[in-house]
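Numbering (full-length UniProt numbering), first residue to last: 1 to 346.
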C-alpha cells in the first residue's frame, strides 16, 4: 500500500480515492474503522458514564464505613420511616420482591450505598424500557412519595467473611436516617421445611422483635406463620446478639461450617444477622420469609411482595399496574431466562 510515486499502480491509485488518513490515524491504524453501530455507541456511552461514576467515588469512598450518596437534584424524604430491603438467599426471592415493589410503586432512585464489603458490579437499568444511560449499581436506594416507604435493592453478594461489617453498616444507615420499622424479605431452603401443610397453600413466615419469642400480633392477624425455629437462647442467635450489642462479657463464638447443626441453619443466614443488627439499634424489625427451591421463583416474589404490602397497609389496587393489573412487571424480568429461541431454526 505504501509505495513510492514511481511504484504506484492503478490499484494503488484507486485506493487513494478514499480520504487521506489524518496524522493521528497514520500512527494508530486501528482508528481506521467502519461506522460505529448502535451497540458500539451505547457501549461507549455506558463506559463514559461508568468512568464518571468511578471518578466521583474517588472523592467520596471511605474504607471503614458505608457511604450514602444522594444523587444530584434528589433529596431524602424524611416522612419515609419504613425501610424494605432484601436479604440474599436461595432463589433471590427477596431481591425479586423488591424489584416488583419498586416497579409497581413508581419508586424513584434517590441515591446509592457504597460499601467496601460488597462485591462490585454494574449493569443496565432494571426498570426502564429504553436505554437512557442509567446504570444499576450494587446497592441502590429508592423512595416512593405515594407510599412513604424507602426501598433498598442489593444486587451483589457480600464478600466472604465481611457479613458482620456489612450488616452493621446497614443498621447504622437505617438508624441515622430516621427509620422506625425495617422489613427484611428473604427465602429459606424448601428442604428444611418439615411440617408442610398443603391445604393452606404457600405460606409466609415471619420473625419479629416485638416479642421475645419472635411473635407479633399484627403478623398473626394477617395470617403469617411465626418462624418456630427461632430461639433467642440458641448459641448462634446469642452470638449474633452479643456481636451487635457489643456485649464483650459473653465469650461466644460462631461454629465453623463443619460444626453447624440443623438448628444452626437459620441463624447462619443473612436475614438473621440483619434481624439482630436492627434489633440492637432499637428499631422495629420484621423478617418476612418463604420456603422455595432454585428455579423459577417469580411466584414466591409475588408472595413476599404482597405480604410486605399487607404489613405496611399498602393496597396493591393503587399500584401502577399494566393492563388493569395490580403489579407492574419489572422490565428486566423479560430477559430473566435469556432471549427466546430463533424460530427460523424450526
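Each residue gets a CB set at the ideal place from its N, CA and C atoms; glycine is no exception.
Just so we're clear, the structure is a prediction, and the values are computed from it rather than from any experiment.
Supposed close pair residue i, residue j - CB separation, criterion 8 Å
| i | j | result |
| --- | --- | --- |
| residue 86 | residue 186 | 7 Å |
| residue 111 | residue 167 | Not really, about 20 Å apart at Cβ, beyond 8 Å. |
| residue 278 | residue 141 | Going by Cβ atoms, the distance from residue 278 to residue 141 rounds to 16 Å, so no, they are not a contact pair. |
| residue 267 | residue 311 | Rounded, the Cβ-Cβ distance is 23 Å, inconsistent with contact. |
| residue 101 | residue 308 | 7 Å |
| residue 125 | residue 107 | In fact, because the Cβ distance is near 13 Å, the residues do not count as touching under 8 Å. |
| residue 80 | residue 149 | 6 Å |
| residue 214 | residue 227 | 6 Å |
| residue 282 | residue 263 | That belief does not hold up - the Cβ atoms of residue 282 and residue 263 are roughly 28 Å apart, past 8 Å. |
| residue 76 | residue 209 | About 25 Å separates the two Cβ atoms, so there is no contact after all. |
| residue 244 | residue 105 | With a Cβ gap of about 30 Å, residue 244 and residue 105 do not count as contacting. |
| residue 113 | residue 173 | 7 Å |
Buried or exposed by the 16-neighbour rule on C-beta atoms within 10 Å, applied to residue i
| i | result |
| --- | --- |
| residue 327 | buried |
| residue 132 | exposed |
| residue 35 | In this prediction, residue 35 has a pLDDT of 46, which is less than 50 and means its spatial position is unreliable; what the coordinates show is noted afterwards. Classification for residue 35: exposed. |
| residue 343 | exposed |
| residue 179 | buried |
| residue 336 | exposed |
| residue 115 | buried |
| residue 143 | buried |
| residue 9 | For residue 9, the predicted structure reports a pLDDT of 44, less than 50, and the residue's modelled location is therefore unreliable. A value from the coordinates is still provided. Exposed, because fewer than 16 other Cβ atoms sit within 10 Å of the Cβ of residue 9. |
| residue 276 | buried |
| residue 314 | buried |
| residue 224 | buried |
| residue 147 | buried |
| residue 345 | exposed |
| residue 222 | exposed |
| residue 253 | exposed |
| residue 216 | buried |
| residue 161 | exposed |
| residue 303 | buried |
| residue 52 | The predicted position of residue 52 is uncertain, since its pLDDT is 49 and thus under 50; no value can be drawn from it. |
| residue 94 | buried |
| residue 192 | exposed |
| residue 247 | exposed |
| residue 154 | buried |
| residue 118 | buried |
Selection from the options that minimises the alpha carbon distance to residue i
| i | options | result |
| --- | --- | --- |
| residue 203 | 288, 80, 68 | 288 |
| residue 99 | 72, 66, 152 | 152 |
| residue 330 | 298, 342, 318 | 298 |
| residue 90 | 307, 115, 300 | 300 |
| residue 270 | 333, 158, 77 | 158 |
| residue 138 | 67, 174, 77, 78 | 67 |
| residue 184 | 71, 78, 286, 291 | 286 |
| residue 265 | 316, 175, 292, 229 | 229 |
| residue 220 | 77, 165, 207 | 207 |
| residue 175 | 296, 316, 332, 280 | 280 |
| residue 72 | 103, 190, 109 | 109 |
| residue 290 | 163, 165, 205, 123 | 205 |
DSSP beta-bridge partners of residue i
| i | result |
| --- | --- |
| residue 103 | Answer is none; residue 103 lacks a bridge partner. |
| residue 123 | 136 |
| residue 153 | 140 |
| residue 69 | 112 |
| residue 284 | 181 |
| residue 291 | 188 |
| residue 86 | 185 |
| residue 225 | 205 |
| residue 118 | 158 |
Neighbour flag for residue i against chain C, beta carbons, 9 Å
| i | result |
| --- | --- |
| residue 176 | Absence of chain C from the displayed structure is noted, only one protein chain being present. |
### Query
For the stretch 156-219, which segments carrying the alpha helix (DSSP H) assignment without a break, of at least 4 residues, lie completely within its bounds, in sequence order?
With a minimum length of 4 residues, the continuous alpha helix (DSSP H) runs that stay inside the stretch 156-219 are 163-176.
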